[in-house]
Amino acid sequence: MPFNNAGTNMRYGAGWTGQPLLFKEKGDLFLLQGSYDYNLRKIDFETGDIIWKYAFDDGIKGTGTLYYNKNAESEDGKLVILQGSRQPAGAEYNYRGISALTGAELYRMRVERTRSNSRDVDGSALIVGDTAYIGLENGIFKVFNPNDDYATAIGKYYEPEIFNELNLFTKQDLARHGGNIITESSPSYLNGRVYIAAGTGYVYGYNVSSGEIDWEYFIGSDLNGSPVVTEDSCLLVPVEKQFIAGNGGVLKLNPALPPEDALVWYYPVGNLKLLSWDGGVIGSAGINDKYKSSGTKSLAAFSGIDGYLYVVDYKSIDGTTKSFDGRTIVDKPELVFKYKIGSSISTPIIFKDKLIACSYEGIFLFEFDEEYNFTLLEKKSSTFEATPIVYNGRVLVASKDGWLYCMGEE
19 MPFNNAGTNM
29 RYGAGWTGQP
39 LLFKEKGDLF
49 LLQGSYDYNL
59 RKIDFETGDI
69 IWKYAFDDGI
79 KGTGTLYYNK
89 NAESEDGKLV
99 ILQGSRQPAG
109 AEYNYRGISA
119 LTGAELYRMR
129 VERTRSNSRD
139 VDGSALIVGD
149 TAYIGLENGI
159 FKVFNPNDDY
169 ATAIGKYYEP
179 EIFNELNLFT
189 KQDLARHGGN
199 IITESSPSYL
209 NGRVYIAAGT
219 GYVYGYNVSS
229 GEIDWEYFIG
239 SDLNGSPVVT
249 EDSCLLVPVE
259 KQFIAGNGGV
269 LKLNPALPPE
279 DALVWYYPVG
289 NLKLLSWDGG
299 VIGSAGINDK
309 YKSSGTKSLA
319 AFSGIDGYLY
329 VVDYKSIDGT
339 TKSFDGRTIV
349 DKPELVFKYK
359 IGSSISTPII
369 FKDKLIACSY
379 EGIFLFEFDE
389 EYNFTLLEKK
399 SSTFEATPIV
409 YNGRVLVASK
419 DGWLYCMGEE
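As structure tokens, this is what we get:
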């Protein structure tokens, strides 16, 4: 899979999480990509032509969510992109519902002022049935109706129907973290609960039936990445170094158990100061559950601020280590592969027998065999924060150099 120097110029490029969305419309493939130049773009997958642009009031960092509404009353509302952005001073409505077909705005959702340092939206909404769930950087967890047919005019804008709102912070959290109570992660769903990692250091389980949080696991760190659901019904949670005595890393939790018994293992990574981070894992873990066969290892890949890409077998224990509190001795998973790629906040992805990882030093393409021997096939130097996707032999990823790259087979 050689890399080709093709791309679409986005002026300022894209950052974390910045993953493109790929979808099919009337037999043709299109991409949706947000950028630091404030624009959300719909791009023809084959030609790279821009179909439409929608301008936000500030830079777009997070990955959007595509919502298909088969019962939509209008053609515009059949396929909706739910997308947030940074919030400039004086603005409030930096989360939008936009028609993926035409680029028309359908509604805006407020991100209210709280004691949080930020009112940006980096997370992606999770849609379960006909309901959307999202954590905002103001520390509020919102449950809303993504269907624009139920949006109502409030002031200058149409706003979506809100089902529930919960604060993911308390007075005690404000005392510990100050204004750093920012929720940046995206939610995941498992067995009747929606799980989300909050900047207050908690992993929360929101019960869909009761509309209440009825499970919470306390880590204490500023959590950035999203909980990833594994095939054995557990969660892989990335842990930043900030606010904790131990090293940052990745945690496996079994949420079927009470929180005090939920820890399965912890894998610590090295400490390294970079920008506002003290170390740990900022992006999420990529897993091979979709592609593994019976008897093969259950792989989880994650990249650290310390400059290393790690691959572990998330079902296999190999020794013990100190937990994130710096004291408790806990189980540690088997390390399968480790490689220096440079500091990274991107999420690696595993595709069949390939592993793609991005960092501030470039994009790395690895291949591994049945014995889990990893070989570096290609590297392209650039500055990447975003997470890539793979489709039909091609890797697509946005860079901070201003380009959306399509690399791979012609």
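The numbering used here runs 18 ahead of the 1-based position in the sequence shown.
A virtual CB, placed ideally from N, CA and C, is assigned to each residue, including glycine.
- For the beta strand (DSSP E) assignment, the uninterrupted runs of no fewer than 3 residues enclosed by the segment 306–346 are, from N- to C-terminal side, 317–321, 326–340.
- Excluding residues up to 5 positions away in sequence, Tyr213, Pro245, Val247 lie with their Cβ nearer than 6 Å to the Cβ of Ser206 in the same chain.
- Annotation: the continuous alpha helix (DSSP H) that includes Asp191 extends over 189–195.
- Separation of the CB atoms of Ala150 and Phe162 is rounded to 5 Å, and the pair is thereby assigned contact status at 8 Å.
- Taken in chain order, the complete alpha helix (DSSP H) segments of 4 residues or longer contained in the segment 174–241 are 189–195.
- Thr201 and Ser142 have their C-alpha atoms some 11 Å from each other.
- When the beta-carbon positions are compared, Ala404 and Val415 come within less than 8 Å of each other.
- Between Ser103 and Gly66 a beta carbon distance of about 23 Å is seen, past the 8 Å cut, so the two are scored as non-contacting.
- If you check the CB distance, Val287 and Tyr326 come in under 8 Å.
- In terms of Cβ geometry, Cys252 and Leu281 do not form a close pair [threshold 8 Å].
- The bridge partners DSSP lists for Phe402 come to none.
- Here DSSP, grouped into helix, strand and coil, assigns Glu278 to helix.
- Closest option to Ala32, judged by alpha-carbon separation, among Met425, Ser364, Glu427: Ser364.
- A straight line joining the alpha-carbon of Leu192 with that of Ile68 spans about 44 Å.
- Collapsing the DSSP output to three states places Tyr168 in a helix.
- The continuous beta strand (DSSP E) containing Asp296 extends over residues 295–297.
- About 7 Å separates the CB atoms of Phe384 and Lys372; that is less than 8 Å, so the two are in contact.
- Nearest to Arg131 by alpha-carbon distance, out of Tyr125, Leu39, Val139, is Val139.
- Beyond the five residues adjoining it in sequence on each side, Asn57 comes within less than 6 Å, by CB distance, of Lys71, Ala73 in the same chain, given in chain order.
- Rounded to the nearest whole angstrom, the CA to CA distance from Asp324 to Gly297 is 6 Å.
- Here Arg126 carries a strand assignment [DSSP, helix/strand/coil].
- Closest by C-alpha distance to Lys418, out of Lys44, Ala319, Gly52, Asn391, is Gly52.
- Here Ser321 is buried, its C-beta having at least 16 other C-beta atoms within 10 Å.
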